Structure formats: structure tokens, C-alpha cells
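Notes for the one structure printed next.
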Amino acid sequence: MSTNTSLQAIIDAVKANDFVVIDDHSRDGGTSKVQGVGIHTRDDQVHVVALYKDYAYYSVNNIYLDSNGVPHLSKWSVGGAIEPCGDLDYGVEVYNNRKGVITMPKITDVVKAS
Numbered sequence: 304m305s306t307n308t309s310l311q312a313i314i315d316a317v318k319a320n321d322f323v324v325i326d327d328h329s330r331d332g333g334t335s336k337v338q339g340v341g342i343h344t345r346d347d348q349v350h351v352v353a354l355y356k357d358y359a360y361y362s363v364n365n366i367y368l369d370s371n372g373v374p375h376l377s378k379w380s381v382g383g384a385i386e387p388c389g390d391l392d393y394g395v396e397v398y399n400n401r402k403g404v405i406t407m408p409k410i411t412d413v414v415k416a417s
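The sequence shown begins at 304 in the numbering used here and counts up one residue at a time.
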């Protein structure tokens, strides 16, 4: 999680920006419209992560705020990948119920874009 930035402040910034984030994960550094955000917990690490439904597969990357309060999608994965199959809720459910993952990360408190 970004230093001195609350999880709720990140969620609020994403919502205020109409779920558009600067995409540090892409090569061009353009913007990306996320279809939701969630709280990702793995051991003692807690992050706000971007969620999509229209991708066949995507990495679970955290969202952080820059010094101006603008939300960015990090280039670093915090917990594997999701295969949503066109359904954001389904993708999160499958991710949360995976077997054989040592630390069993979870995504909760999903907030969806309209």
C-alpha cells in the first residue's frame, strides 16, 4: 500500500476519476478504465487492486495515488492473476477459492463502476 495513503482515499480517488487510472502497467503509460476495485489481502499486506470483467486474463495489480492524488495502476502484481470470463464477480469468486496457493490471498469489499 502507498505510504500515508488510506485504502479508502485510494478508492475515493478512483471513484472521483470515474474509474480511470493512469496505467503504469502498459507500455505507453496511457489510461485504463477499471470496472471495479477491491481490497486485496495477503498475509499482512493490504492493497486496493484493479478489477476487470472484459479481459480473458489479467494480473492483480495495486492502485496507488501519486503526489497529486491521481490514481495509478502499478506495474507490479500483488497476487497472481484473475480470469473473469466476462463476469467480474465470477472472477473474484474463483480467485478467492483457489486451491494450492500457500498464502491464500483474498479480494473483498468490491466497488464496481456504474
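Where a beta carbon is used, it is the ideal one built from N, C-alpha and C, also for glycine.
Note that this is a predicted model, so its numbers are computed, not measured.
Residues sharing a beta bridge with residue i, DSSP
i	result
Pro374	Leu368
Ala384	Ser362
Beta-carbon gap between residue i and residue j smaller than 8 Å
i	j	result
Thr317	His343	Residue identity differs from the one stated: residue 317 is Val in this sequence, not Thr. Their beta carbons are not under 8 Å apart, which means Val317 does not touch His343 by this criterion.
Ile366	Ala384	no
Leu376	Ile313	no
Val337	Ala416	yes
Arg345	Gly382	yes
Val413	Gly341	yes
Lys402	His328	no
Leu310	Val373	no
Local conformation of residue i per DSSP, three classes
i	result
Met304	Any reading at Met304 must be qualified, since the residue scores a pLDDT of 45, below 50, and its modelled position is unreliable; no value is offered.
Ala416	coil
Gly389	coil
Lys409	strand
Ala312	helix
Contact test: residue i Cβ vs the ligand HEM heavy atom, cutoff 7 Å
i	result
Val317	Ligands in the displayed structure: none, and consequently the ligand HEM is not present.
CA nearest to the CA of residue i, picked from the options
i	options	result
Thr411	Asn320, Ala319 and Gly339	Gly339
Asp390	Pro408, Asp357, Ser370 and Asn400	Asp357
Cys388	Tyr360, Pro374, Lys409 and Asn399	Tyr360
Ser380	Asp315, Asp326, Ala319 and Phe322	Asp326
Which runs of the beta strand (DSSP E) fall wholly inside the region 320-372 and span at least 3 residues, in chain order? 323-326, 334-336, 339-345, 348-354 and 361-368
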